[in-house]
Amino acid sequence: MNGEEHTASYYAATRNNQTTYPQLEGEHETDICIIGGGFTGVACALTLAERGHSVTIVEQNRISWGASGRNGGQLIHGLSGTKHLSKHLSWDKIRQLNYRGNEIIKDRVEKYGIDCDLKSGYIEVALKKSHMEGIKQDYDEHVEQGLGEHLRLVDEGEVGELLGTDAYMGGLMNDLNGHLHPLNLCTGEAAAAAKLGATIFEQTEVTGITHGTQASIQTTTGNIVANKVLIAGNAYHRLEPGKLSGLVFPAGSYIIATEPLSDEIVNKINPQDLAVCDLSNVLDYYRLSADNRMLYGGRCNYSGKVPSSIKESMRPRMLDVYPDLADARIDYEWGGNIGIVIKRVPLLGRVSDNVFYSMGYSGHGIAPTHIAAEIMADAMEGNTEVLDAYEKIKHWRIPGSQWFGNQIVALGMLYFRAIDLSPL
Ligand SMILES: Cc1cc2nc3c(=O)[nH]c(=O)nc-3n(C[C@H](O)[C@H](O)[C@H](O)COP(=O)(O)OP(=O)(O)OC[C@H]3O[C@@H](n4cnc5c(N)ncnc54)[C@H](O)[C@@H]3O)c2cc1C
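Counting in the numbering used here, the sequence shown runs from 1243 upward without gaps.
So, in C-alpha cells, the structure goes:
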C-alpha cells in the first residue's frame, strides 16, 4: 500500500489540489511524530501546531488517502460507546465532548478558509418501530441538555415530503450536524498545519518503532527521532502487533455517485439538502454533493469480501429508496476500510509512556476523529484525564483478525443483519 495515489472517487476528481509533500530522505528530528495522514493524524497535528509544538506527519500514500478521503461526508456528532466510557468518566465531561468534533471542524473551516462544501442539515431516519423509540430517546436527551431548538422529530408524512420516498416511518432532524467534502477538509487542515510549521512527509511508510525516552521511527526511506509518537493508521496499519493486533477489524464500506441530477429531481428527493442516515446496524447513508450528484453509500454484502462490482451491488439499494434514479448514470464507485472495534468504543491509549494510539471509530469518524485528536493532543501535553478513562475500558481481542478480519467482520455483519431484519 506504500506510495499509492488517491482512489478514483468523486472526491479525488473534485479535490481543491493535489498534495505534493516530499518523501522523507535520511534522518529527521521532531518533538511529536504522527503516523498516518487521515483526520486523526492531521487534526491532531493541527491542534499541536496551533499550540506551538514541533510536529511531523508521516503518511505512506497521500494526505487523506484512507477512509478520511473516501467517506460519505456525513458530519455527525458524538463518540460511540459512551456507556462504557461513563464507567470511568463523568456524564458531564462526556456531554462536553459530544459536539466538540463539529465545533472544531466549523471553527477551522472558518478560521483557515477551507473550501470543503460544509453545509448544516442532517436527518436520521427510522425503518422500524424500535428505531422510532431510539430517535425519541435521543431527542429527549438533547432537550434535557438544552439543545432542543436544533432538533425536530418528523413523522412519516413529513419525512416523505423531505426525502421524496415512502421508505421511512419518521426521523430526527438536527441542524448541528451536516455534510462536507472530506478530502478537501483533510487536505485543508494539513495545509493549515504546514503553514504553522508542521512538517509533512508523503509516500513514506513507517515500518517499525524502537521505544525509548526518545522513540526511533523507521520508514522505508529514512529514520525519525521523536519525543512522542501518535499511531493514527486506523484500519490500514499493522504497527505494534504485540499490543494492537486483533483489536480493530478492517471492514469495507462503499459509495456510488450518480451524474449531477436535474433541479426537478433534487427538489423532489432532497430539497433541504440534508445528509441522511438510516438507523440499521449495517446502515445506508446518502446525500447530495455540491454539484447535485447522489452519493449513496453502505454495505455491499454480508460476506465481508470486496464486491466484484460496487456499482452492481449498491445501485439496487439506492433504487429501493429512489426508483426515480433508475436512469441516472453512475459516474463514480469506490470503497474504503473502516476500523471496527467489537465494543464499538474507539481505541485510545498508549503502547508505552511516549507512544500513543487512536483508532477504531467503527464507521463513524469525521467528528469523532477530531474529538479524539484533541484528547490525544491534551494527553501528549500531560492532561490525560480522558485518555486515562479510555485506557480503563477492557477490549476483546481476536488473535490474527487484523489479517483475517474479513471473515470475522462477515460473522459480525450477519449477526447485525439478523437484528436489522427483525420487524420490531
Ligand atoms: C466508505 C466510507 C464511508 C464513511 N462514511 C462516513 C461518514 O459519512 N461519516 C463519518 O463520520 N465517518 C464515515 N466513515 C468513517 C471515517 O471516514 C473514518 O472513521 C475516519 O476517516 C478515520 O480517520 P483516520 O485518520 O483514523 O483513518 P484513515 O483516514 O484511514 O487514515 C489512516 C492513514 O494512515 C496511513 N497509514 C497507515 N499505516 C501507515 C504506516 N505504517 N505508515 C504511514 N502511514 C500509514 C494510511 O495510508 C491512511 O492514510 C466512512 C468510512 C468509509 C471507508
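Using N, Cα and C, we set each Cβ at its ideal position, and we do this for glycine too. Source: prediction; values computed, not measured.
Any non-hydrogen atom of ligand 1 within 7 Å of residue i CB
{"i": "Ala-1605", "result": "A small fix is needed here, since residue 1605 is Gly in this sequence, not Ala. Answer for Gly-1605: yes, Cβ within range of ligand 1."}
{"i": "Gln-1302", "result": "yes"}
{"i": "Met-1309", "result": "The amino acid occupying residue 1309 in the given sequence is Ala; Met does not appear at that position. The answer is yes for Ala-1309."}
{"i": "Ala-1477", "result": "yes"}
{"i": "Tyr-1496", "result": "yes"}
{"i": "Gly-1320", "result": "no"}
{"i": "Tyr-1527", "result": "yes"}
{"i": "Ile-1277", "result": "yes"}
{"i": "Glu-1447", "result": "yes"}
{"i": "Met-1618", "result": "no"}
{"i": "Asn-1344", "result": "no"}
{"i": "Pro-1481", "result": "Residue identity differs from the one stated: residue 1481 is Leu in this sequence, not Pro. Yes, Cβ of Leu-1481 sits closer than 7 Å to a heavy atom of ligand 1."}
{"i": "Asn-1206", "result": "A query on residue 1206 cannot be resolved here, the shown segment of the chain reaching from 1243 to 1666 and no further."}
{"i": "Ile-1608", "result": "yes"}
{"i": "Ala-1434", "result": "no"}
{"i": "Met-1536", "result": "no"}
{"i": "Asn-1313", "result": "yes"}
{"i": "Asn-1579", "result": "yes"}
{"i": "Thr-1282", "result": "yes"}
{"i": "Met-1411", "result": "no"}
{"i": "Gly-1539", "result": "yes"}
{"i": "Thr-1611", "result": "yes"}
{"i": "Met-1601", "result": "yes"}
{"i": "Ala-1474", "result": "yes"}
{"i": "Gln-1316", "result": "yes"}
Buried versus exposed call for residue i [16 or more other C-beta atoms within 10 Å across all chains shown]
{"i": "Ser-1322", "result": "buried"}
{"i": "Gln-1338", "result": "exposed"}
{"i": "Lys-1470", "result": "buried"}
{"i": "Glu-1444", "result": "buried"}
{"i": "Thr-1272", "result": "buried"}
{"i": "Glu-1246", "result": "exposed"}
{"i": "Gly-1355", "result": "exposed"}
{"i": "Pro-1483", "result": "exposed"}
{"i": "Glu-1616", "result": "buried"}
{"i": "Thr-1500", "result": "buried"}
Same chain, Cβ closer than 8 Å to residue i, five either side skipped, listed in chain order
{"i": "Arg-1559", "result": "Asp-1526, Tyr-1538, Gly-1540"}
{"i": "Ile-1347", "result": "Leu-1317, Leu-1360, Leu-1422, Leu-1427, Ile-1608, Ala-1609, His-1612"}
{"i": "His-1319", "result": "Asn-1340, Tyr-1341, Gly-1343, Asn-1344, Asn-1416, Leu-1418, Asn-1419, Ala-1609"}
Same chain only: Cβ atoms within 7 Å of residue i, ignoring 5 sequence neighbours per side
{"i": "Ala-1291", "result": "Val-1297, Ala-1435, Leu-1438, Gly-1439, Ala-1440"}
{"i": "Lys-1553", "result": "Ile-1498, Ile-1572, Glu-1575"}
{"i": "Gln-1387", "result": "Arg-1337"}
{"i": "Asp-1380", "result": "Leu-1414"}
{"i": "Val-1563", "result": "Thr-1407, Ala-1409"}
{"i": "Met-1374", "result": "Ala-1368, Met-1411, Gly-1412"}
One or two residues paired with residue i in a DSSP bridge
{"i": "Phe-1443", "result": "Val-1300"}
{"i": "Thr-1289", "result": "BP columns for Thr-1289 are empty, so no partner."}
{"i": "Glu-1269", "result": "Asn-1465"}
{"i": "Asp-1357", "result": "In DSSP, Asp-1357 forms no bridge with anything."}
Residues near residue i by beta carbon distance below 6 Å, same chain, minus five either side
{"i": "Gly-1308", "result": "Gly-1280, Tyr-1478"}
{"i": "Ile-1305", "result": "Thr-1261, Gly-1279, Thr-1429, Ala-1432"}
Short CB-CB distance (under 8 Å) between residue i and chain C
{"i": "Asn-1340", "result": "Included in the structure is just one protein chain, with no chain C present."}
TODO: Determine, using beta-carbon pairs with one atom in the segment 1624 to 1642 and one in the segment 1578 to 1588, whether at least three such pairs fall under 8 Å.
DONE: Yes, the segment 1624 to 1642 touches the segment 1578 to 1588.
Task: Segment contact flag, the segment 1256 to 1271 with the segment 1451 to 1467, C-beta cutoff 8 Å, min 3 pairs - done: yes
Open item on the list: With three or more C-beta pairs closer than 8 Å as the rule, is the segment 1346 to 1365 touching the segment 1515 to 1535?
Closed with: yes
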